[in-house]
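Visitor:
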Amino acid sequence: MLKWLNLSALVIVFDQLSKWWANSALELYQSIAVLPFFNITLAYNHGAAFSFLAAESGWQRWFFSGLAIVVSIILLFWLKRLKTDAKLEAASLALILGGALGNVIDRFVHGYVIDFLDVYYGTYHWPAFNVADSAICIGAILLIFDSFRNKTEQK
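According to my numbering, the sequence shown is numbered sequentially starting from 3.
(1) Could you check whether Ala142 and Val13 sit closer than 9 Å to each other, using their CB atoms as the reference points?
(2) What is the residue span of the beta strand (DSSP E) that Asn8 lies within?
(3) DSSP puts Asn105 in a beta bridge; with which residues?
(4) Does DSSP classify Phe118 as helix, strand or coil?
(5) Whole angstroms is fine: what's the gap from Ala130's alpha carbon to Leu30's?
(6) Hey, Leu99 and Leu78: beta-carbon distance below 9 Å or not?
(7) So what's Phe39 in DSSP terms, helix, strand or just coil?
(8) Using alpha carbons as the reference points, say which of Ala45, Asn8 and Lys5 lies closest to Trp128.
(9) Taking Cβ positions, are Gly101 and Asp135 nearer each other than 9 Å?
(10) I want to see whether chain D comes within less than 9 Å of Val36, judged by CB atoms only; does it?
(11) State the Cα-Cα distance for the pair Leu9 and Ile34, rounded to the nearest angstrom.
(12) Would you list the one or two residues that DSSP bridges to Phe131?
(13) Whose C-beta lies closer than 7 Å to the C-beta of Arg109 among residues of the same chain, with five residues either side of it excluded?
(14) Going by DSSP in three states, Ala45 sits in which element: helix, strand or coil?
(15) Rank Glu91, Phe150 and Leu119 by C-alpha distance to the C-alpha of Thr43 and give the top, closest one.
Set out below in structure tokens:
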């Protein structure tokens, strides 16, 4: 099932290329309107999801990097042990792994994660995110879906 690492690699490449583009094309907090509910807006996240712990002194960079590396190792072992028919579970894990490593690369290279996808309604803006974050969320949703599907099939 390690062939699914190709999906992880694809996520990492697309994530890093999109972050490079956003960081090169935009100034910090500059926005490009795309749709009435979506902007491309460059932001740097020194924390975790929703900028959790972003205002701390810098220790969070190493904490979140270490946490992501530990989770990535666990995901690799989980992926390796899957049966060949567990395709949705494998795809889910590969998406989460690719997203986690995409953000770890940012933390090591920049000291923060580059975010640029800005979804909003009226004046309410969802916290900016990136391709890696999207892959993690999609992977988690698919993994939950797969776990419910497998319970139903076992009955």
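Note that CB positions come from ideal geometry on N, CA and C, so glycine has one too.
Guide: Once the coordinates are examined:
(1) no
(2) Unbroken run through Asn8 is the alpha helix (DSSP H), Leu7 to Ala27; no beta strand (DSSP E).
(3) Per DSSP, none; premise fails for Asn105.
(4) strand
(5) 12 Å
(6) yes
(7) coil
(8) Ala45
(9) yes
(10) Within the model displayed, chain D is absent; a lone protein chain is all it includes.
(11) 29 Å
(12) Leu119
(13) Arg63, Phe66, Ser67 and Val115
(14) strand
(15) Leu119
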